[in-house]
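One gets the working numbering by counting positions in the sequence shown from 1 and adding 174 to each. Cβ coordinates follow ideal geometry from the N, Cα and C atoms, glycine included. The structure presented is a predicted model; accordingly, all values stated were derived computationally and were not measured. The structure under discussion appears below in the form of structure tokens.
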Amino acid sequence: MSNTNLDVALKFYEVYNTHNLDLLDEILSANYVGHVNAHDIKGAEAAKGFIGGFIQGIPDANYKVVETLVTENKVITRWVCTGTQTGNFFGSEPTGKAIDVNGITIFEVIDGKINQLWNNWDQFTLVQQLKA
């Protein structure tokens with residue numbers, strides 16, 4: 175079960191890296207809630223909107239998972255996201271600036287699907303990099 179849970183969690187990053195938003199329909203449960211810093215994202219369609227907005231602003235975003243921890247129904251990842259803001263990023267005009275941001279995500283996987291995730295990443299560093 176644990177390896178399957180890890181595979182599902184890693185597919186979440188594949189969505190960003192390949193821009194395949196439809197993969198979310200395969201990996202998110204019907205009751206999915208993503209707790210992303212101060213936002214709750216409920217359901218696959220809302221996740222597609224949020225991730226699509228991120229990809230629009232940073233189309234070359236690349237998530238690299240650098241560490242994982244797997245328990246019975248949780249997968250914890252530590253990751254780095256790099257890319258360049260060449261598009262509109264949640265209302266912010268393109269800057270052409272590179273980003274290099276760290277974060278940690280905890281996935282709750284039930285019956286082979288992501289039911290919830292808690293994602294905390296370094297927003298302060300992202301803002302500083304885009305302003306520099």
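Straight-line gap, residue i to residue j (C-alpha atoms, nearest Å)
{"i": "Q259", "j": "V283", "result": "31 Å"}
{"i": "G231", "j": "Q303", "result": "14 Å"}
{"i": "K305", "j": "D199", "result": "35 Å"}
{"i": "I273", "j": "T242", "result": "22 Å"}
{"i": "G277", "j": "V240", "result": "10 Å"}
{"i": "G208", "j": "S266", "result": "23 Å"}
{"i": "W295", "j": "I280", "result": "12 Å"}
{"i": "A220", "j": "K238", "result": "23 Å"}
{"i": "V301", "j": "F263", "result": "11 Å"}
Residue i in three-state terms, based on DSSP
{"i": "Q290", "result": "strand"}
{"i": "I232", "result": "coil"}
{"i": "A212", "result": "coil"}
{"i": "F264", "result": "coil"}
{"i": "T192", "result": "helix"}
{"i": "A204", "result": "strand"}
{"i": "T245", "result": "coil"}
{"i": "A306", "result": "coil"}
One or two residues paired with residue i in a DSSP bridge
{"i": "G257", "result": "I273"}
{"i": "T279", "result": "T251 and N293"}
{"i": "K238", "result": "V254"}
8 Å contact criterion, which residue i and residue j should meet: CB distance rounded
{"i": "F186", "j": "I288", "result": "6 Å"}
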